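Residue numbers (my numbering): 142 to 341. One structure below.
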């Protein structure tokens, strides 16, 4: 498959990167904890300090890291969320189409709901999939130079391919998350490497 390293799931994990959420981008209904590695949507009347990078209307947050390489990361979600990537130029205060991950030409996402995963880009929803076993752990592999973004459903010893977007990326891509369910959450995972394979 284009932009995807050969071999088993450990081939992807060799590209693992460490990510953190950027508090300056987090919508006021999003609570960050675990050293900015977990985000939860909560009912809140607390308004954080205004910042030009903050999402005003959409319950979204971006990571600090802009990616230009071949990188892999995993997240665990609950409730309901979209997981994706975006250019930093995505709107922070426009209408829903210009702001929401997967609803414009500046972002790509995977909608995560109980029992199914649905890829989205430029306000178009692609074919949903319901992998077996179904888990709430999603792996993302970005091959920026080739122009490929792949999503996987990850269990303890298997990885099911869900979808691959192909494009010509022109800017750094920032991992982004839309937590659309109240009490929903997304956690950035520590990817476990198989050191025996790496040292062979």
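For every residue, glycine included, the Cβ atom is placed at its ideal position computed from N, Cα and C. For clarity, every value in this text was computed on a predicted model and none was experimentally measured.
Checklist entry - Does the beta-carbon of residue 361 have 16 or more other beta-carbons within 10 angstroms, so that it is buried, or is it exposed? => result The chain is shown only over 142 to 341; residue 361 falls outside these bounds and no answer can be derived.
Checklist entry - Would you call residue 326 buried or exposed, if buried means 16 or more other Cβ atoms sit within 10 Å of its Cβ? => result buried
Checklist entry - Quick one: what does DSSP say residue 179 is sitting in, helix, strand or coil? => result strand
Next on the checklist: Only counting the same chain, and skipping five residues up and downstream in sequence, which positions put a Cβ closer than 6 angstroms to that of residue 172?
Outcome noted: 181, 183
Next on the checklist: Using only CA atoms, which one of 190, 306, 269 lies nearest to residue 287?
Outcome noted: 306
Next on the checklist: Are the CB atoms of residue 179 and residue 234 within a distance shorter than 8 angstroms?
Outcome noted: no
Checklist entry - DSSP on residue 166, reduced to helix/strand/coil? => result helix
Checklist entry - DSSP puts residue 223 in a beta bridge; with which residues? => result 252, 319
Checklist entry - Which residue comes first and which comes last in the beta strand (DSSP E) that contains residue 259? => result 257–262
Item to check | Nearest candidate by alpha-carbon position, reference residue 191, set 185, 165, 247 | outcome: 165
Checklist entry - DSSP state of residue 160, grouped into three classes? => result coil
Next on the checklist: So for residue 240, helix, strand or coil by DSSP?
Outcome noted: helix
Checklist entry - Under the rule that 16 or more other beta-carbon atoms within 10 Å means buried, what is residue 256, buried or exposed? => result exposed
Next on the checklist: Given this structure, state the Cα-to-Cα distance separating residue 332 from residue 236, to the nearest angstrom.
Outcome noted: 35 angstroms
Checklist entry - What's the C-alpha gap between residue 154 and residue 208? => result 16 angstroms
Checklist entry - Mapping DSSP to helix, strand and coil, what is residue 265? => result strand
Checklist entry - Going by C-alpha distance, which of 174, 168, 187, 277 is nearest residue 193? => result 168
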